[in-house]
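Visitor:
Number of protein chains: 2
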Amino acid sequence: MTDMTERRGRTGGRAGRQAARLSAQIEREPFLTRTLKPVEVLSDEGLALLETNADRILEEVGIEFHDAPDALELFAGAGASVDGQRVRFPKGLCRSLVQATAPPEFTQVARNRANDVVFGGRRTIFAPAYGSPFVRDLDGGRRYGTIEDFRNFVKLTYASPWLHHSGGTVCEPVDVPVNKRHYDMVHAHIRYSDKPFMGSVTRPERARDSVDMARIVFGEDFVDEHTVVFSLVNANSPLVWDASMLGAARAYAEANQAVMMTPFVLAGAMSPATVAACCAQTLAEALAGMAYVQLVRAGAPVVFGSFASSMSMQSGAPTFGTPEPALVLYVMASLARRLGVPFRSGGAFTASKVADAQAAYESANTMQPTLLGGVNFVLHAAGWLEGGLSMGYEKFVLDNDQLGMWHAFARGVDMSENGQAMDAFLTNEPGTHFLGHPHTLANFEQAFYRSPTSDNSSFEQWEGEGAQDAATRANAMWKRTLAEYEAPPIDDAVEQELREWIERKKASFPDSNV
Amino acid sequence: MTDMTERRGRTGGRAGRQAARLSAQIEREPFLTRTLKPVEVLSDEGLALLETNADRILEEVGIEFHDAPDALELFAGAGASVDGQRVRFPKGLCRSLVQATAPPEFTQVARNRANDVVFGGRRTIFAPAYGSPFVRDLDGGRRYGTIEDFRNFVKLTYASPWLHHSGGTVCEPVDVPVNKRHYDMVHAHIRYSDKPFMGSVTRPERARDSVDMARIVFGEDFVDEHTVVFSLVNANSPLVWDASMLGAARAYAEANQAVMMTPFVLAGAMSPATVAACCAQTLAEALAGMAYVQLVRAGAPVVFGSFASSMSMQSGAPTFGTPEPALVLYVMASLARRLGVPFRSGGAFTASKVADAQAAYESANTMQPTLLGGVNFVLHAAGWLEGGLSMGYEKFVLDNDQLGMWHAFARGVDMSENGQAMDAFLTNEPGTHFLGHPHTLANFEQAFYRSPTSDNSSFEQWEGEGAQDAATRANAMWKRTLAEYEAPPIDDAVEQELREWIERKKASFPDSNV
């Protein structure tokens, strides 16, 4: 980390001391490390059959790359058959391209190195929800997101001990022109947090801008050799990758920055309506996307993404927290492990408009397979409402509490002598409670996860305090967190250079909402 | 089923035809059969160590049987060392007593044989919550339960395609004297449902009354040879079994009826505050309780129960949906499988007073390990609020919907040709959606679980319909279900005999609230 230390060194030791104090205040793990074996819902034979089906889709149907001549050229050079925009892949080609050079694990460096995240293996990284045009809180109801909302969610994520990653488009800042939003968004992640973040993908030049901003912060040489920007690239399912997304992927890969190639499948519409079909298609699309990234730059960090939802037969609306996408998630995690690349899926999904029982049940129904299945990067881990159309302040607080619980669960069963507590049994009579026992007194503080959002008091006490539901309690919590927020230190010169660069860029072309 | 057919035969074919029509209307499975391997959170070595620790607790500390001379005598006769009320067990004694004669699987016969449930193996049986003095609905708020509430929950459970078992004390009918409640409760299960049910355990004579009522319905000979009543017997943790509960267990076991011997542990108070200690203690207590049942009557059906909750360090209040009891649940399910008896645990637990996001998150956090861990009998699967103090009408509806989801999840991934849908891929161009594809049209109806409680409509539509949260929607649902309720047929003569028997019994001793 020579480069960053040197750059930080410019403002002397004060920022460093501040950073040390801050990290002592916010005690946290840079990512979650699972100790339990991932849950498998299919046998090896079943998984192998899905791989065969994905190979058949790649070979017999193929994938279309729209308006992307570079992709067609790269794949033709690698031995695929190109017919118009359709690419058909000899059996195993994509898999071998990915397995040959895609790193099984990689590190994304954060502005504060204590927050570096490692993708892959038994690690799970939580990031907030992504991409909603609306925000919602109990006071203002549902409204378009603004850059102030964006900054608020960056700050709330920074303050969370359980969210490891600052995310990307935590909400759309609709008050900023579409073609200049990425400057303010990336700046917010850099200025209001020191956790790792995601860059823009809506246009290739916006991806390049995101990397350029990172170069100002981390140093050019450092960025050449380290991954400091992460990005979300979606397929246009079924079986299509589009130019704008591929262009962004190319920009990041060329700069050795990380992309997650993610089929986004509303099963029944964008794939056949069965779990096995959705899985085979997702594998085929992701393999083609990741192979493209490896052809652009062998060894560029890439993540296998999967987003799958079911749909309502009555309305065609996406539905969340249902059993079938949970099965898809378990299967895709297994397939990614077999492939040997980091896997992204999951999230606190719901179709509910508010942070009610539907929202919590549906979110839990996705987060459980996310953790038990062994997902490495969890986008949408907090705040998601209304099928992703809205980012909820109260929902964010409640989801975040659940992420804390997962940190405790992931540690598994403590089988140490203290955990077994045989001495406690041998020194306690039947019928005598353990409340005052030395073993209890020694362990109580850390024994159980303490939820800040749950109310465990008596009915009478709860009623006396206003009979608040969970969302109402959460409302007070995000306000207090924002009120107490203190920005992490940043080198003044870097911040000034960044601001000036953004101003110059913004001034160099007219506003547009395309 | 000769006996029941004969008894039913008394009123001729009409009831039989009605029953046939009814079961055609309510399409349901008599119990859930899991296809996935249970999730294990501990290695075989870890589980063996907990068994060793339980053996040490049984041998070195022992279990107390309070005011239960018959238990002391039975255990002394079996080779245990009895000192006052304390029984110390030679290593492996309890385990060998249980494994020698306790059935690994057994059937509880229902009044409608289509509803018979089989305990053990890969089966999971859902029953409503049990034991709350209060009920809650959105209209009336929280209030003491009445016999009308009790009957309502029996009816709602009967109407559910996902609840397999009518349960027991679905709420306390506080308007009926304590010493006569069991007559009205057991009668309600028999009259307003034809699913299997649980009998009274508060006094040995009430357990015997419950069996006597079953004899009137099923016939004496039939009851001698079949299990028709199930019951919940709790330990008085730590390491104590009490006379009243043991007396009830004895009454059921002597009649060859089923008991679940359940340590009920608030960890930190009733056990040491660690997962491994809570598990070893639960195993020790359950082993002693089940061994007692087998000594009373070798081969009597018995279920290994576990109820574990964490507690709030601040208040001492029980807390639910936290990670540590989830780990306990997984471990206990594994230990029960190793022992070879059916296992009871789980439930839609919450400390929340209302059916809000807290309630749903906490409930999901217990129901996920319940299903994934492989629990055989799930008490409290619907309705539980406020740490069990309240039975919620809306919560019941929302929980019940989740049980439906579990039925879909438990089937696992369909790897049939139709499930793989390769023909669909080979007949669909990239970029063309699958909505109108013949494969989708053939599968859509059954493709995804359809939640009756979730709102998946657009924000505008949802707002136009009154911006209802999940609890508000659920309120309308339980009312409609009760309005549409039709009682299952019952032999008029049986019903009359039962009512007369209850009247005679009730008249034979004065009311009392003890």
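Chain order of the listed sequences is A and B.
So for the first sequence, the working numbering puts the first residue at 516; every next one is plus one.
So for the second sequence, the working numbering puts the first residue at 516; every next one is plus one.
From the three backbone atoms N, C-alpha and C, an ideal C-beta is built for every residue, glycine too.
Can you list the residues of chain B that valine 554 (chain A) reaches, using a CB-CB cut of under 9 Å?
Guide: Leu551, Lys552, Val554, Leu887
Visitor: Between serine 746 (chain A) and chain B, is the shortest Cβ-Cβ distance under 9 Å, so that the two count as touching?
Guide: no
Visitor: What residues from chain A crowd round threonine 639 (chain B), counting only those whose CB sits closer than 7 Å?
Guide: Within 7 Å Cβ-Cβ: nothing; threonine 639 (chain B) doesn't reach chain A, min ~14 Å.
Visitor: Given this structure, state the Cα-to-Cα distance separating leucine 894 (chain B) from aspartate 929 (chain A), to the nearest angstrom.
Guide: 28 Å
Visitor: Please compile the residues from chain B whose C-beta is within a distance smaller than 8 Å of the C-beta of leucine 945 (chain A).
Guide: A small correction: the amino acid at residue 945 (chain A) is proline; leucine does not occupy that position in the sequence shown. By Cβ distance, chain B contributes Val576, Gly577, Ile578, Glu579, Arg601, Pro753, Leu754, Val755.
Visitor: Quick check on DSSP: helix, strand or coil for arginine 723 (chain A)?
Guide: DSSP places arginine 723 (chain A) in helix when its eight states are reduced to three.
Visitor: Compare the C-beta of glutamate 901 (chain B) against all C-beta atoms of chain A and say whether one is closer than 9 Å.
Guide: yes
Visitor: Could you pull out every unbroken alpha helix (DSSP H) segment of at least 4 residues lying fully inside the segment 790 to 840 of chain B, listed in chain order?
Guide: 790 to 811
Visitor: Check threonine 742 (chain B) in the structure and name its three-state DSSP category.
Guide: strand
Visitor: Report the option in A:Met882, A:Met760, A:Leu754 whose CA atom is closest to the CA atom of arginine 603 (chain A).
Guide: Out of A:Met882, A:Met760, A:Leu754, A:Leu754 has the C-alpha closest to the C-alpha of arginine 603 (chain A).
Visitor: Which residue wins for smallest C-alpha separation from serine 860 (chain B), given the options B:Thr837, B:Gln883, B:Arg853, B:Phe822?
Guide: B:Phe822
Visitor: At 3 residues or longer, and completely inside the segment 869 to 907 of chain A: list those beta strand (DSSP E) runs for me, N to C.
Guide: 905 to 907
Visitor: Just to confirm, is the Cβ distance from proline 618 (chain A) to glycine 636 (chain A) under 9 Å?
Guide: no
Visitor: Along chain E, which residues have their Cβ under 7 Å away from the Cβ of leucine 573 (chain A)?
Guide: Absent from the structure: chain E. Protein chains present are A and B.
Visitor: So alanine 801 (chain A) and proline 778 (chain A) are supposed to be a Cβ contact under 8 Å. How far apart are they, rounded?
Guide: 6 Å
Visitor: If valine 732 (chain B) sits next to glutamine 623 (chain B), beta carbons under 8 Å apart, how far is it from one beta carbon to the other, in whole angstroms?
Guide: With a Cβ gap of about 14 Å, valine 732 (chain B) and glutamine 623 (chain B) do not count as contacting.
Visitor: Taking the beta carbon of arginine 721 (chain A) as the centre, do at least 16 other beta carbons fall within 10 Å, making it buried, or is it exposed?
Guide: buried
Visitor: Give a yes or no on whether 9 Å exceeds the smallest Cβ distance from serine 966 (chain B) to chain A.
Guide: yes
Visitor: Chain A partners of alanine 563 (chain B), CB-CB under 8 Å?
Guide: Those do not exist, as alanine 563 (chain B) stays about 11 Å from chain A at its closest Cβ, beyond 8 Å.
Visitor: Given 8 Å as the limit, is there contact between the segment 691 to 700 of chain A and the segment 944 to 954 of chain A, that is, 3 or more CB pairs closer than that?
Guide: no
Visitor: Within 10 Å of its beta-carbon, does leucine 956 (chain A) have 16 or more other beta-carbons around it, so buried, or fewer, so exposed?
Guide: So leucine 956 (chain A) ends up on the exposed side.
Visitor: Look at the Cβ atom of phenylalanine 1075 (chain A), then the Cβ atom of methionine 828 (chain A), and state whether they are nearer than 9 Å.
Guide: One cannot answer for residue 1075 (chain A) here, as it falls past the ends of chain A, which runs 516 to 1029.
Visitor: Verify the CB distance criterion: does methionine 805 (chain B) have a CB-CB separation below 9 Å to chain A?
Guide: no
Visitor: For a quick check, are the C-beta atoms of histidine 679 (chain A) and alanine 703 (chain A) less than 9 Å apart?
Guide: no
Visitor: Establish whether the CB of alanine 791 (chain B) and some CB of chain A are separated by less than 9 Å.
Guide: yes
Visitor: Given that alanine 879 (chain A) touches chain B, what residues does it touch there, using C-beta distances under 8 Å?
Guide: At a C-beta separation below 8 Å, alanine 879 (chain A) has these neighbours in chain B: Ala875, Tyr876, Ala879, Asn880, Gln883.
Visitor: Taking glutamine 917 (chain A) as the query, report the chain B residues whose CB atoms sit under 7 Å from its CB, ordered along the chain.
Guide: Tyr876
Visitor: What does the Cβ neighbour count give for glycine 888 (chain A), buried or exposed, with the cut at 16 atoms within 10 Å?
Guide: Taking all protein chains shown into account, glycine 888 (chain A) has 16 or more neighbouring C-beta atoms within 10 Å of its C-beta and is therefore buried.
Visitor: Start and end of the alpha helix (DSSP H) containing leucine 941 (chain B)?
Guide: Segment 937 to 941, the alpha helix (DSSP H) holding leucine 941 (chain B).
Visitor: Quick one, which of B:Ala788, B:Arg718, B:Phe959, B:Ala962 has its alpha-carbon nearest phenylalanine 959 (chain A)'s?
Guide: B:Ala788
Visitor: Under 9 Å between the Cβ atoms of leucine 781 (chain A) and serine 830 (chain A)?
Guide: no
Visitor: Taking contact to mean at least 3 C-beta pairs separated by less than 8 Å, is the segment 594 to 611 of chain A in contact with the segment 831 to 846 of chain A?
Guide: no
Visitor: Going by DSSP, what residue range makes up the alpha helix (DSSP H) through alanine 758 (chain A)?
Guide: Counting along the chain, the alpha helix (DSSP H) containing alanine 758 (chain A) begins and ends at 758 to 769.
Visitor: How many Å lie between arginine 988 (chain B) and lysine 670 (chain B) at the Cα?
Guide: 19 Å
Visitor: Shorter than 9 Å from the beta carbon of histidine 679 (chain B) to some beta carbon of chain A?
Guide: no
Visitor: Quick one: measure Cβ to Cβ for leucine 589 (chain A) and leucine 810 (chain A), integer angstroms, because I've assumed they're closer than 8 Å.
Guide: 4 Å
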